[in-house]
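Numbering (this note's numbering), first residue to last: 963 to 1705.
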């Protein structure tokens, strides 16, 4: 550039000036001649040239200055243009990158939309579809082109279109996402979509459309409905169960997750009480069972087994119930315990039934044992009484032939006394078996106790203090006073021995009671009938007491904790009470004492059968007559015949019922009396009686037996012609019975 302000141009102006000056001087030199007229002109010309040169230099200077300014401006503009160019190039590259990203995003978005399992669409503010994906078009069974540019009213029924537009409007108005369920009627049925709608917002914040992603939840809704129905059915089923279904979370606190409404029936607490933690199942389990239940469940869950445990709980009304709980642990795939679930049912009635069954079985076994012992005792007593009859009878007969002062008479008396003691033992055996001899009459227990006091005082330890609490004016009981005295004596003697030579008290009381239904639970003996009033006789001591094991054995024959040789003792007491249709309760605490409570019916449940009053003479009774004696025991038959002969009777003997019938049939009117044993082989005494009456209806019969007179005679018809004589009997007893039967 000519005028470029460079290092070389800075000498242009001085050069111009020097050139002009040189030109002026040269012209002046050539033109100036002092000797000519052209000298002034030359000077002027020289000055003019110089002026022009100066002006030209100034002009050139200005031009150079302006050129420099222009050049600087051009440089600045060029730099700026370069910067703009660089910026534009950067913007172009960024735009190209953005366009690439946009194309990639569009491709990704398109891929997502096309491959999404959900139906996706985009609408403008007027509700026109701008885009829909393949799933949306397939769901509605139309090509996607049919949706673009059209609104819901163009495509769907008015009711559906109105619902869709309403939710679209809510989304755009609130500029907030919204999740709704929309149902569509399609060719294959009704479909339910879970639609997530969201507003489309431009950079200015203005809403310019709405987008949505719809997921077909038809199968899920059907499954939920099935689950709800299954749950309802399960709830209904569990609600009918007599118990509580539960599921507890394994969170360390066993938080209840589910409790059925059967909880109210089982525990008195509602399911809500458990779920809201107002009460827990562990709290209401009986303290004695709680640890056992925990251990059982923990052990089963640890071994991944089901569990079954029975325990007691206390319900809201403070009632104790028996519960059977069955359940299991629920584990995840890793084996971690998630829940404990199960079912607890009320088994109180079953437990009561089992207890009742055990009680009945115990009573049955006891009854069978007693029956077996009774049969044994009865058989022994029968045979023993037959032997004693021979011993006592022969001793009586032998004493008749001795002088009054004979020393042998005393020996015979001792034989008779020993035999009487043996007979008393037989009576105890029969009493235990419930087949003892009774003289039934109305007895007032209080009065009987008072008359027994002297005997009691002489029987018990001197260190024992007797105390009486006898309720006055008690109803009478139908009983044998001798047997009742035996009971009182036995109980008081046992109470005295329980004091162990220590100071103590024995209290005897009587009162009238009506027992509750559960009084005799666990009793030693329950009355056959309990819906009545009973007179209670209670003997209480402050002695050493008994263990449950001892109580279970005290009624066994010959059992004792003191010494041997006591006899049947309490076993006979039990038999006597049983025969009186009574009850017996025993309570005892070791170190504190024992209580025996006896219950006798306070009405005429037992038939009244007082012994007839017999008038006997002091002089031995004799009368001529003919007697038929029947017994299967030869020694009894022989001694009875001898004793009857001594009483003046003519005697015929028979070894059994058939032989007796032969004798009697031959001369029925010749016999004044038949003395008949009740227990014989081939033909019993009762059967023999009926056959004798067929031959002669009014025949008089005197039975012999070691059993209860009431049991033997009172059950037979025609008692006016019947008598009874207890084995073993003395000659005097035989004479009295003959006098009673024959007058």
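For glycine and all other residues, C-beta sits at the position ideal for the given N, C-alpha and C. These numbers were taken from a predicted model, which means no experiment stands behind them.
Three-state class that DSSP yields for residue i in the structure shown
i	result
residue 1287	strand
residue 1468	strand
residue 1454	helix
residue 1209	strand
residue 1510	helix
residue 1492	coil
residue 1247	strand
residue 1268	coil
residue 1031	helix
residue 1119	coil
residue 1685	strand
residue 1145	strand
residue 1292	strand
residue 1643	coil
residue 1691	coil
Sequence-distant residues of its chain with Cβ nearer than 8 Å to residue i (five each side left out)
i	result
residue 1236	1208, 1218, 1221, 1225, 1242 and 1243
residue 1639	1592, 1593, 1594, 1595, 1598, 1647, 1665, 1666 and 1667
residue 1410	1443, 1446, 1447 and 1450
residue 1643	1594 and 1618
residue 1552	1506, 1507, 1508 and 1509
residue 1170	1086, 1087, 1162, 1163 and 1164
Between the CA atoms of residue j and residue i - distance to the nearest angstrom
i	j	result
residue 1265	residue 1229	29 Å
residue 1049	residue 1068	27 Å
residue 1439	residue 1200	56 Å
residue 1601	residue 1615	11 Å
residue 1172	residue 1116	18 Å
residue 1137	residue 1257	60 Å
residue 1322	residue 1493	19 Å
residue 1319	residue 1483	12 Å
residue 1660	residue 1683	7 Å
residue 1422	residue 1381	27 Å
residue 1413	residue 1434	15 Å
residue 1424	residue 1344	39 Å
residue 1047	residue 1165	29 Å
residue 1510	residue 1676	40 Å
residue 1539	residue 1489	9 Å
residue 1679	residue 1663	12 Å
residue 1697	residue 1354	14 Å
residue 1569	residue 1278	Confidence at residue 1569 is low in this model, with a pLDDT of 35, below 50, so its placement is unreliable and the value that follows should be read with caution. Each residue's Cα considered, the two are about 50 Å apart.
residue 1114	residue 1183	25 Å
residue 1441	residue 1402	5 Å
residue 1375	residue 1555	43 Å
Residues near residue i by beta carbon distance below 6 Å, same chain, minus five either side
i	result
residue 1516	1532
residue 1102	none
residue 1216	1210
residue 1689	1347, 1351, 1666 and 1668
residue 1475	1496 and 1498
residue 1453	1501 and 1558
residue 1139	1160
Integer-rounded CB distance, given that residue j should sit under 8 Å from residue i
i	j	result
residue 1637	residue 1564	Actually they do not touch by this definition, with Cβ atoms about 39 Å apart.
residue 1284	residue 1247	Not quite, the Cβ-Cβ distance comes to about 12 Å (not below 8 Å), so this is no contact.
residue 1289	residue 1303	6 Å
residue 1608	residue 1693	7 Å
residue 1406	residue 1428	Not confirmed; about 19 Å, so no contact.
residue 1371	residue 1364	5 Å
residue 1144	residue 1125	7 Å
residue 1096	residue 1106	7 Å
residue 1377	residue 1404	Not confirmed; about 38 Å, so no contact.
residue 1155	residue 1177	6 Å
Bridge-paired residues (DSSP) for residue i
i	result
residue 1054	Answer by DSSP bridge pairing: none, since residue 1054 is not bridged.
residue 1707	Summary: the structure shown does not reach residue 1707, with the chain confined to residues 963 through 1705, and so no result is reported for it.
residue 1432	1472
residue 1166	According to DSSP, residue 1166 bridges with nothing at all.
residue 1102	According to DSSP, which records beta bridges pairwise, residue 1102 is partnered with nothing at all.
residue 1532	Partner(s): none; residue 1532 has no beta bridge.
residue 910	Here the chain covers residues 963 to 1705 and nothing more, so residue 910 does not appear.
residue 1427	1467
residue 1151	1148
Contacting residues, own chain, Cβ-Cβ under 7 Å from residue i (five flanking each side not counted)
i	result
residue 1093	1083 and 1084
residue 1603	1591, 1613 and 1615
residue 939	No answer is possible for residue 939: the residues shown for the chain start at 963 and end at 1705.
Proximity test, residue i beta-carbon vs the ligand NAP heavy atom, cut-off 8 Å
i	result
residue 1278	Of ligands this structure carries none, so the ligand NAP is not represented either.
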